[in-house]
Amino acid sequence: MLEFDKVSKRYGDRVALKNLTFAVQPGQMFGFVGANGAGKTTAMRIAMGVLAADAGAVRWKDQPIGFETRQRFGYMPEERGLYPKMKVLEQLEYFGRLHGLGQQAARDAAMHWTGTLGVAERRNDPVDKLSLGNQQRVQLAAALVHDPEVLILDEPFSGLDPVGVDALAAVLLERCRGGVPVVFSSHQLDLVERLCDSVGIINAGQIVATGTVDDLRAREGRRQLRVVTQGAEPGWSAALPGVRVVSERGTEVVLELADGTDDQDVLRAALSAGRVEHFSWRLPTLTELFREAVAPAAGDDTPAEAAA
């Protein structure tokens with residue numbers, strides 16, 4: 246497995262990572278989520294040897310990660326690492342050769358991934374002539390061209406349209422189901438919730454919650470009521486005893502009930518307020534769990550070199 250073991254990193258007086266610990270199993274897709282500056286990019290750079298940890302270690306198959314090991318990793322940096330004036334196919338062949346492929350194997354792999362990721366018609370174009378979404382596809386192809394054992398992707402869905410998102414998601418799921426551990430960061434929590442087997446929420450350089458999405462939602466030990474009421478006045482539920490309004494959007498409210506509060510009392514109040522079209526229990530979403538976990542630090546400004 247890919248293991249982060251008490252990894253710590255400082256930038257001067259600022260703590261970027263503090264005892265960061267989590268593991269990703271083979272064939273598991275791990276979503277790494279946190280506010281800007283939380284430490285996601287720093288952690289990925291340490292795994293890839295771009296930065297050195299002050300303490301702790303990153304291991305693959307129980308062994309420290311060195312240069313030869315990293316050659317078998319696929320990495321997609323947030324800032325992107327493509328040569329803008331180099332043609333797409335030539336560039337992917339070059340990256341394949343850097344990772345140890347022979348000339349023909351590198352060309353075959355480059356042809357395969359440009360076709361799979363929908364940029365076959367742009368193979369002979371310089372990267373700077375591509376849209377940002379197509380550059381994103383080429384960057385992913387560069388991470389995949391050498392058939393990596395591990396994928397570490399920093400904001401891979403950024404800038405993609407819905408078709409591109411679906412294409413990328415299909416590729417990552419295929420690689421993952423083939424036994425490759427996939428770690429990716431994203432601010433698109435709906436995608437994380439849909440795709441990932443496991444999630445780690447990082448705040449101020451520390452993991453504050455980790456596990457499957459279902460486990461994290463159930464671990465909170467609370468359920469929420471979703472009520473849709475047509476014709477009700479806004480705020481109809483705000484004064485109900487033992488009830489906290491989680492969100493209110495148009496005709497929909499999401500409520501948390503204190504212990505001992507009867508949901509039937511809420512239903513009667515909703516019926517008095519208007520026409521009830523939906524009334525059901527649900528668990529918190531990943532977005533809601535994330536907001537609660539990172540809210541105190543979500544607005545902090547961080548130095549560019551420490552941003553994640």
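By the working numbering, the letter at position 94 of the sequence shown is numbered 339, and the numbering carries on one by one without gaps. Note that the Cβ used here is the ideal one computed from N, Cα and C, for glycine as well.
Counting along the chain, where does the alpha helix (DSSP H) carrying residue i start and finish?
{"i": "residue 456", "result": "It is not in any alpha helix (DSSP H) - residue 456 instead sits in the beta strand (DSSP E) that spans 451-456."}
{"i": "residue 420", "result": "407-422"}
{"i": "residue 281", "result": "Run containing residue 281: none; DSSP gives neither H nor E here."}
{"i": "residue 314", "result": "312-315"}
{"i": "residue 473", "result": "From DSSP, residue 473 is part of no alpha helix (DSSP H) but of the beta strand (DSSP E) over 469-475."}
{"i": "residue 383", "result": "377-389"}
{"i": "residue 434", "result": "434-440"}
{"i": "residue 534", "result": "531-539"}
Residues in its own chain within less than 6 Å of residue i by CB, not counting five upstream and five downstream?
{"i": "residue 338", "result": "351, 352 and 355"}
{"i": "residue 304", "result": "248"}
{"i": "residue 254", "result": "261, 262, 287, 298 and 299"}
{"i": "residue 530", "result": "none"}
{"i": "residue 276", "result": "437, 441 and 444"}
Which same chain residues end up closer than 8 Å to residue i when comparing Cβ atoms and leaving out the 5 residues on each side of it in sequence?
{"i": "residue 378", "result": "404, 405, 406 and 409"}
{"i": "residue 525", "result": "470 and 471"}
Between which residues of its own chain and residue i is the CB-CB distance below 7 Å, once the five residues before and five after are set aside?
{"i": "residue 371", "result": "329, 330, 331 and 332"}
{"i": "residue 542", "result": "Only weak support is given to the placement of residue 542: the predicted model assigns it a pLDDT of 44, under 50, and the value that follows is read from those uncertain coordinates. Hits under 7 Å: 280, 448 and 449."}
{"i": "residue 532", "result": "434"}
{"i": "residue 565", "result": "The question about residue 565 has no answer, for the chain in this structure spans 246 to 553."}
{"i": "residue 545", "result": "Here residue 545 scores only 42 on pLDDT, less than 50, and its place in the model should not be relied on; the value that follows carries that caveat. Within the same chain, residue 545 has close Cβ partners 282."}
{"i": "residue 320", "result": "293, 388 and 397"}
{"i": "residue 266", "result": "249, 250, 251 and 452"}
{"i": "residue 334", "result": "355, 359, 368 and 369"}
{"i": "residue 538", "result": "446, 448, 453 and 454"}
{"i": "residue 431", "result": "276, 278, 400, 402 and 437"}
{"i": "residue 365", "result": "359"}
Which residue comes first and which comes last in the beta strand (DSSP E) that contains residue i?
{"i": "residue 301", "result": "300-305"}
{"i": "residue 368", "result": "It is not in any beta strand (DSSP E) - residue 368 carries neither H nor E in the DSSP assignment."}
{"i": "residue 362", "result": "First-last for residue 362: undefined, no H or E at that position."}
{"i": "residue 524", "result": "520-527"}
{"i": "residue 402", "result": "From DSSP, residue 402 is part of no beta strand (DSSP E); its letter is neither H nor E."}
{"i": "residue 296", "result": "No beta strand (DSSP E) holds residue 296; DSSP gives it neither H nor E."}
{"i": "residue 444", "result": "443-448"}
{"i": "residue 497", "result": "497-502"}
{"i": "residue 252", "result": "247-256"}
{"i": "residue 266", "result": "259-269"}
{"i": "residue 482", "result": "No beta strand (DSSP E) contains residue 482, which DSSP labels as neither H nor E."}
{"i": "residue 562", "result": "Because the chain here runs from 246 to 553, residue 562 falls outside it and cannot be looked at."}
{"i": "residue 430", "result": "427-430"}
Write down the C-beta distance between residue i and residue j rounded to the nearest angstrom, noting that I regard them as a contact closer than 8 Å.
{"i": "residue 278", "j": "residue 444", "result": "6 Å"}
{"i": "residue 611", "j": "residue 527", "result": "The chain is shown from 246 up to 553; residue 611 falls before or after that span and cannot be answered."}
{"i": "residue 490", "j": "residue 500", "result": "6 Å"}
{"i": "residue 496", "j": "residue 477", "result": "7 Å"}
{"i": "residue 412", "j": "residue 487", "result": "No, residue 412 and residue 487 are not in contact; Cβ-Cβ is about 47 Å, not under 8 Å."}
{"i": "residue 318", "j": "residue 419", "result": "The Cβ separation is near 18 Å, so there is no contact."}
{"i": "residue 519", "j": "residue 475", "result": "5 Å"}
Can you give, in chain order, each stretch of the alpha helix (DSSP H) that sits fully within the stretch 320-356 and has at least 4 residues? 333-343
Pairing CB atoms from the stretch 312-328 with CB atoms from the stretch 471-483, are three or more of them under 8 Å? no
Does the count of Cβ pairs from the stretch 442-454 and the stretch 294-303 closer than 8 Å reach three? no
For the pair the stretch 264-271 and the stretch 373-390, tell me if three or more CB-CB distances fall below 8 Å. no
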